[in-house]
Ligand SMILES: CC(C)(COP(=O)(O)OP(=O)(O)OC[C@H]1O[C@@H](n2cnc3c(N)ncnc32)[C@H](O)[C@@H]1OP(=O)(O)O)[C@@H](O)C(=O)NCCC(=O)NCCSC(=O)CC(=O)O
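In my numbering, the protein residues as written are 2 to 375.
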């Protein structure tokens with residue numbers, strides 16, 4: 002048996018940023034356009050006018066101030082309201098692979114590893130650009146990695162479930178090292194025309210190198226243990242899938258083919274699920290919550306994270322104990338907790354304990370308990 006460790010992380014951040022002000026201006030222009038087009042029906046009382054969005058609401062409800070995206074022009078164009086990407090030929094790297102590659106190279110560099118040291122690539126994300134071949138195999142090929150690769154989708158918990166899978170294989174000795182990459186093009190599945198959710202998501206890619214602790218060439222995080230849990234819920238759902246064309250209205254632009262959520266129920270049901278999950282994980286590891294130096298939580302909603310932190314620690318966490326990145330990135334699905342981890346972990350001291358925890362659609366919760374080594 003080997004002890005697994007995270008020895009490198011990397012984040013690819015798209016150059017383009019949409020501020021709340023730009024987002025709201027684009028959405029309101031779309032709402033005005035729809036209201037003008039439907040003026041007769043609205044006047045006749047046959048449909049409701051679309052309401053405007055507001056920056057103040059977005060910050061208060063979520064803590065999000067901006068998001069990075071792969072294409073802002075399409076999203077902000079009231080005639081389009083979704084990202085526009087050029088058609089790539091099958092011989093070119095796909096968009097998800099290109100994003101993952103950037104994050105993967107950074108993670109490899111931090112770990113002091115080359116592709117020759119890696120035996121497994123897992124592409125763990127909440128949406129895959131195509132059905133097959135697996136995104137992970139394309140990324141493996143672009144990096145020149147031998148061994149094997151596969152995709153995983155557990156929505157927002159894809160990264161932590163991927164880390165558990167890789168860590169278990171390192172522990173069992175079936176691989177030396179793995180790259181877990183999380184390219185999230187959330188702008189592709191967000192309904193930008195729905196004011197209840199149009200502010201929620203952004204795009205990013207993250208990567209982690211997981212290998213034997215004894216092979217680590219620099220500062221790293223020993224993986225003490227991992228824990229995954231799922232419980233079925235329809236409160237976060239996306240009905241897009243390969244049976245789309247078989248449905249009565251075919252491939253029509255149906256609302257349920259994008260992200261849908263019952264946000265209030267999610268809030269109410271997921272907060273206790275996550276706090277109990279973390280408490281149980283810590284208990285089984287023989288550690289009290291007072292031994293936690295830092296928590297890198299899933300980044301969906303600031304009030305949700307504040308409440309989870311408070312329940313876990315039994316007091317309001319200090320900002321440094323629970324860093325948030327969602328003000329800059331918004332919700333980036335599975336990548337969020339890994340961005341928080343990657344950007345806020347260098348200062349931890351030898352022996353410090355920290356916990357990555359994701360939660361989201363499924364419902365799913367995944368936690369990774371770590372100990373810092375210098
Ligand atoms: C979605 C929320 C931010 C919504 O906040 P609230 O519950 O406070 O607000 P609400 O929806 O009840 O709306 C309150 C009032 O504001 C109005 N309102 C809604 N959107 C608005 C907007 N953009 N601008 C102005 N007003 C707005 C509503 O119509 C309503 O009006 P009125 O009062 O008149 O009715 C929150 O519930 C939340 O974050 N829940 C958890 C979400 C979450 O973590 N989801 C996971 C995402 S999935 C994930 O992370 C990825 C994965 O798993 O893959």
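By construction, the Cβ of each residue, glycine as well, lies at the ideal position given by its N, Cα and C atoms. No experiment lies behind these values; they were computed from the predicted model shown.
Presumed contact (8 Å Cβ cut-off) between residue 103 and residue 13, rounded CB distance: Sequence index remark: in the chain shown, residue 103 carries index 102 (1-based). Sequence index remark: in the chain shown, residue 13 carries index 12 (1-based). Taking 8 Å as the upper bound for CB-CB distance, residue 103 and residue 13 are in contact here, some 4 Å apart.
Residue 361 CB to nearest heavy atom of ligand 1 below 7 Å: Position 360 of the chain shown, counting from 1, holds the residue named residue 361. Yes - ligand 1 has a heavy atom lying nearer than 7 Å to the Cβ of residue 361.
Between the CA atoms of residue 27 and residue 353 - distance to the nearest angstrom: Here residue 353 refers to the residue found at position 352 when the chain shown is read from its first residue. Here residue 27 refers to the residue found at position 26 when the chain shown is read from its first residue. Cα atoms of residue 353 and residue 27: separation of roughly 45 Å, rounded to the nearest angstrom.
Nonlocal neighbours in the same chain, by C-beta distance under 7 Å from residue 154, ignoring five residues either side: Taking the first residue of the chain shown as position 1, residue 154 is located at position 153. The residues are 126, 127, 129.
Cβ contact (3+ pairs, closer than 8 Å) linking the region 329-339 and the region 134-147: Segment contact: the region 329-339 against the region 134-147, fewer than three CB-CB distances shorter than 8 Å; contact not assigned.
Residue 184 versus residue 72: straight-line alpha-carbon distance, rounded: Reading the chain shown from its first residue, position 183 is the one you call residue 184. Reading the chain shown from its first residue, position 71 is the one you call residue 72. Approximately 15 Å, taken between the alpha carbons.
Residue environment, residue 2, which counts as buried when at least 16 other CB atoms sit within 10 Å: Along the chain shown, one-based indexing puts residue 2 at 1. Counting Cβ neighbours within 10 Å, residue 2 comes out exposed, since fewer than 16 surround it.
Same chain, Cβ closer than 6 Å to residue 297, neighbours up to 5 away in sequence not counted: Locating residue 297 in the chain shown gives position 296, where the first residue counts as 1. Apart from sequence neighbours up to five positions away, the residues of its chain that approach residue 297 with a beta-carbon distance below 6 Å are 338, 341, 342, 357, ordered along the chain.
Cβ-based neighbour list, residue 49, same chain, cut-off 8 Å, excluding 5 preceding and 5 following: Residue numbering aside, residue 49 sits at position 48 when the chain shown is read from its first letter. If we look at residue 49 and ignore the five residues flanking it on each side, its Cβ neighbours are 43.
Residue 237 Cβ short of 7 Å to ligand 1 heavy atom set: As a position in the chain shown, residue 237 is number 236, starting the count at 1. Yes - ligand 1 has a heavy atom lying nearer than 7 Å to the Cβ of residue 237.
C-alpha distance - residue 114 paired with residue 284, whole-angstrom precision: In the chain shown, the residue the question calls residue 114 occupies position 113. In the chain shown, the residue the question calls residue 284 occupies position 283. Going by the C-alpha atoms only, they are around 34 Å apart.
Distance CB(residue 187)-CB(residue 332) smaller than 8 Å: As a first step, residue 187 must be located in the chain shown, where it is residue number 186. As a first step, residue 332 must be located in the chain shown, where it is residue number 331. Yes, the Cβ-Cβ distance between residue 187 and residue 332 is below 8 Å.
Simplified DSSP assignment, three categories, for residue 306: The count along the chain shown starts at 1 and reaches residue 306 at position 305. Helix at residue 306.
Nearest neighbour of residue 179, chosen from 156, 219, 118 [CA to CA]: Taking the chain shown and counting its residues from 1, the one referred to as residue 179 is at position 178. In this structure, 118 is the residue among 156, 219, 118 with its C-alpha nearest to the C-alpha of residue 179.
Closest by C-alpha distance to residue 269, when choosing among 309, 238, 17: Position 268 of the chain shown, counting from 1, holds the residue named residue 269. Nearest C-alpha to residue 269: 309.
Three-pair Cβ contact test at 8 Å for the region 203-214 versus the region 53-73: Yes, the region 203-214 is in contact with the region 53-73.
Contact under 8 Å by Cβ, residue 171 with residue 274: Start at 1 with the first residue of the chain shown, and residue 171 comes out as number 170. Start at 1 with the first residue of the chain shown, and residue 274 comes out as number 273. No, the Cβ-Cβ distance between residue 171 and residue 274 is not below 8 Å.
Best match in 51, 85, 287, 58 for proximity to residue 36 [C-alpha to C-alpha]: Along the chain shown, read from residue 1 onward, the residue named residue 36 stands at position 35. Taking residue 36 as reference, the option from 51, 85, 287, 58 with the minimal CA-CA separation is 51.
Supposed close pair residue 150, residue 181 - CB separation, criterion 8 Å: As a first step, residue 150 is located in the chain shown; it is residue number 149 there, counting from the start. As a first step, residue 181 is located in the chain shown; it is residue number 180 there, counting from the start. Approximately 11 Å separates the beta-carbon atoms of residue 150 and residue 181; this is outside 8 Å, ruling out the contact.
Ligand 1 heavy atom lying under 7 Å from the CB of residue 332: Indexing the chain shown from 1 puts residue 332 at position 331. Checking the Cβ of residue 332 against ligand 1 gives yes.
Minimum C-alpha distance to residue 278 - residue among 232, 265, 45, 39: Sequence index remark: in the chain shown, residue 278 carries index 277 (1-based). Taking only the C-alpha atoms, the option nearest residue 278 is 232.
Nearest-angstrom Cβ-Cβ length linking residue 120 and residue 176, presumed shorter than 8 Å: Start at 1 with the first residue of the chain shown, and residue 120 comes out as number 119. Start at 1 with the first residue of the chain shown, and residue 176 comes out as number 175. With a Cβ gap of about 4 Å, residue 120 and residue 176 count as contacting.
Distance between beta carbons of residue 237 and residue 362, contact taken as under 8 Å: Here the question's residue 362 lines up with position 361 in the chain shown. Here the question's residue 237 lines up with position 236 in the chain shown. Correct: roughly 4 Å between the Cβ atoms.
Through-space distance from residue 167 to residue 355, alpha-carbon basis: Counted from its first residue, the chain shown places residue 355 at position 354. Counted from its first residue, the chain shown places residue 167 at position 166. Their backbone Cα atoms lie some 19 Å apart in a straight line.
Validate contact between the region 286-302 and the region 319-326 using beta carbons, cut 8 Å, 3 pairs: For the pair of segments examined, the region 286-302 was found to touch the region 319-326: the number of CB pairs separated by less than 8 Å reaches three.
N-terminal and C-terminal residue of the beta strand (DSSP E) that residue 295 is part of: The sequence position of residue 295 within the chain shown is 294, counting from 1. It spans 293-298 - the beta strand (DSSP E) in which residue 295 sits, taken as one unbroken run.
Neighbourhood of residue 81 by C-beta distance below 6 Å, restricted to the same chain and skipping five residues each side: Looking up residue 81 in the chain shown gives position 80. Leaving aside the five residues that flank residue 81 on each side, the residues in its chain whose CB is nearer than 6 Å to its CB run, in chain order, 75.
Extent of the continuous beta strand (DSSP E) run through residue 227: Counting from 1 along the chain shown, the entry for residue 227 is found at position 226. Where residue 227 is concerned, the enclosing beta strand (DSSP E) stretches over 221-231.
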